[in-house]
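In order, the protein sequence lines correspond to chains A and B. So the first sequence is residues -2 to 315, counted in our numbering. So the second sequence is residues 226 to 454, counted in our numbering. Backbone N, C-alpha and C fix where the C-beta goes; we use that ideal spot for every residue, glycine too. Structure, as structure tokens:
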Amino acid sequence: MPAPTSHTLLLRLRWLQLRRAIPLYGIVLLALAVVLGLRLMHRAMLQDDSYASFIAGGTLLMVWGLHQRRADLHFLFRHVPQACTALVVEYGALVLPVLLVLFLAGAWLEALVLVPVFVLPWLPAVRSSGVRGSWLRRWIPAHLFEWKSLVQRTHPIGLVLWLVALTFCWLPVLPLFLLGAIAMLVAGAQEQCEPRAMLLATASNARALVRLKVFGSMQLMTIIMLPVLIAATIFRPVWWWVHALFGLGMVVLVAYSIVLKYANYRPDIRLEANGANVAVAAVFAILPGLALVPLIMLLTEWPKARANLNAFFHAHDH
Amino acid sequence: MLTITDLRCTYGERTVVELPHYEMAPGVHGIVGLNGAGKSTLLNALYGFGRNREARVLWKGADMGHANTAFQEAESYFHPGITGAEFLDLFMPADPRGDAGSLNTLLEVPLDAPISTYSTGMKRKLALLGALRLDREVLLLDEPMNGLDLASVRVMEAIIKRLAERGRTVLITSHVLGPLVTLCDHIHLLQHGRFTRDFVRGHTEGLEEALFAELDQRTGEVVARWGRE
């Protein structure tokens, strides 16, 4: 087998990764999916010319984003001979199917939009600090670091969900569904237990810690939900009680997830089993007439959380 | 004065640390011992974890607790997805004038980057900054030099000296003798969970021999047998 040249090095590497990650029939299915996707693009462009601009612009943006975010860029420039050419070949292979579709649809001018892809490797990549949503994190109090962690993991998805909920607040169910999804993300962020040093730095005793965490998160959750729920109520005033109950249910759900975390707290571990309990509470929170159940679950777990945390605040008494 | 009375730490049936009575004067104290001697267990116990109910740890006659003690643990874990600055925000200094934030100009921790991108040394330094920021009277440092580069070790030595000048009491565990000999007013030798010898600054002759005596004897026996088998 001939040694790969530097130009096609990355391409061969991707093929190798693909073959290791997916069995042969999977690769065939993937190829079929790509062909069908391209055919769909082609038909869309034939029906409406403007799609060609969106597809070309979107593809350029995607490759640019890929180039900016790829972690191996530094390594490639240091250790791969003719790294720029290897990158051009890789990006070229990525945009080639889209170019083909654009040519087939006669969108020559739009195809020119993709030309910058071939000079991307020579353009400087901005090395960001890797911190996501730093402007958003500044609004979150220091002791609610789970929220900062959530922003780091999900930004900008959470923000997009919230904006879509606000934009489509006139629809009957969608905004509530999206707020529910945000509440589940927040509840999910409470599964990771912080190290003992952070626990002890947050508050001076278990009682203060649980109150600080629960009320702080309830406040943030209310700030997130209120604009959407108010806007939704303006469009559907008769649903005010549905919106009010849903909002309360989600706030209680988030509070429950925090209390549940501290009821089972152990330093540095991830309480994945808590997800099942939170999911059950979420179902009850949206079922008519059963919204009180999460509240009862919350009140039941609260003393357990305090008792469990006492073991970490006053360990020598146990 | 730090007074330890009736302290006992056990893992199952095994007693790891046992100190019926021990006193430490204010200053910088080094605790040395081989792996398994009980150094980390002792610091944990002094901070309130894993000790028996009857144990009493007093600082200036009152219970030593989280209010007057800061602890840098040997293993530094951090909540995922937060930056160094966000971590430090949790550690509110009792007196803003004592804020250790300025020390980062020497330690050079990239506070605005996510902690997940830090090297081991950076994580150690961040944990140290957190403990220093609390500005407590007693500082427990468990293997603080681990993972640090030479420059950082030198900065840390300067920080510890300054803490001593400010009247703070520092307890450091380490298996690296060099920095401890120059830094500490007292070095306590911990063997099998008990303090067996106490060395004063400037009179540390015999420390290394005492530390390794048992190990040297065992090593000698095993190596000699191995050659013959």
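Between Leu250 (chain A) and Ala279 (chain A), the C-beta spacing is below 8 Å. Not a single CB atom of chain B sits nearer than 8 Å to the CB of Asp46 (chain A). Rounded to whole angstroms, His254 (chain B) and Ala299 (chain B) show a C-alpha spacing of 17 Å. Chain A has no Cβ within less than 8 Å of the Cβ of Ala287 (chain B). The C-alpha of Glu311 (chain B) lies about 16 Å from the C-alpha of Gly213 (chain A).
Look at the segment 132 to 154 of chain A: the residues with a C-beta under 9 Å from a C-beta of chain B are Arg134, Ile137, Pro138, Ala139, His140, Phe142, Glu143, Lys145, Ser146, Leu147, Val148, Gln149 and Arg150. Taken in chain order, the members of the segment 307 to 318 of chain B whose beta-carbon sits within less than 8 Å of a beta-carbon on chain A are Ile307, Thr308, Glu311, Phe312, Asp314, Leu315, Phe316 and Met317.
Taken atom to atom, the span from the alpha-carbon of Phe424 (chain B) to that of Ala203 (chain A) is near 40 Å. CA-CA distance, Ile154 (chain A) to Gly177 (chain A), rounds to 14 Å. Annotation: Cβ neighbours of Ala338 (chain B) in chain A (cutoff 8 Å, chain order): Ser126, Gly127 and Val128. Bridge pairing for Phe424 (chain B): B:Ile412 [DSSP]. Of all residues in the segment 184 to 206 of chain A, only Gln189, Glu191, Pro192, Arg193, Ala194, Met195, Leu197, Ala198, Thr199 and Ser201 come within less than 8 Å of chain B when Cβ atoms are compared, listed by chain position.
Scanning chain B for C-beta atoms nearer than 8 Å to the C-beta of Asp265 (chain A) yields Tyr302, reported in chain order.
With respect to chain A, the C-beta atom of Glu333 (chain B) has no partner C-beta closer than 8 Å. Neighbours of His291 (chain B) in chain A, taken as residues at a C-beta separation under 7 Å, are given in chain order as Leu197. Segment contact: the segment 247 to 263 of chain B against the segment 410 to 430 of chain B, three or more CB-CB distances shorter than 8 Å; contact assigned.
Proximity of Pro369 (chain B) to chain A, defined by a Cβ-Cβ separation below 8 Å, is not satisfied. For Gln44 (chain A), no beta strand (DSSP E) segment is defined; the enclosing uninterrupted segment is the alpha helix (DSSP H) at Leu21 to Gln44. The CB of Thr342 (chain B) comes closer than 7 Å to the CB of Gly127 in chain A, given here in chain order. Residues of chain A with a Cβ closer than 8 Å to the Cβ of Gly418 (chain B) do not exist, since the nearest Cβ in that chain sits about 17 Å away.
Residue range Ala203 to Phe232 is occupied by the alpha helix (DSSP H) that includes Thr230 (chain A).
Ile340 (chain B) counts as buried, since no fewer than 16 other beta carbons sit within 10 angstroms of its beta carbon. Around the beta carbon of Glu87 (chain A), 16 or more other beta carbons lie within 10 angstroms, which makes this residue buried. Residue contact with chain A for Phe437 (chain B): absent (no Cβ-Cβ distance below 8 Å to any residue of chain A). When the beta-carbon positions are compared, Val95 (chain A) and Thr151 (chain A) stay at least 8 Å from each other.
When DSSP states are grouped into helix, strand and coil, Val401 (chain B) belongs to the coil group. Where Arg276 (chain B) is concerned, there is no enclosing alpha helix (DSSP H), because DSSP gives it neither an H nor an E. Under the DSSP assignment, Ile179 (chain A) falls in the alpha helix (DSSP H) whose first and last residues are Leu171 to Gly185. Of the residues assessed, Lys285 (chain B) falls on the exposed side of the cut-off, its CB having fewer than 16 other CB atoms within 10 angstroms. With a cut-off of 8 Å on Cβ pairs, the segment 230 to 245 of chain A is not in contact with the segment 242 to 253 of chain B, counting fewer than three such pairs. Here Val211 (chain A) is buried, its C-beta having at least 16 other C-beta atoms within 10 Å. For the C-beta of Pro305 (chain B), the chain A residues within less than 7 Å are, from N- to C-terminus, Ser146 and Gln189.
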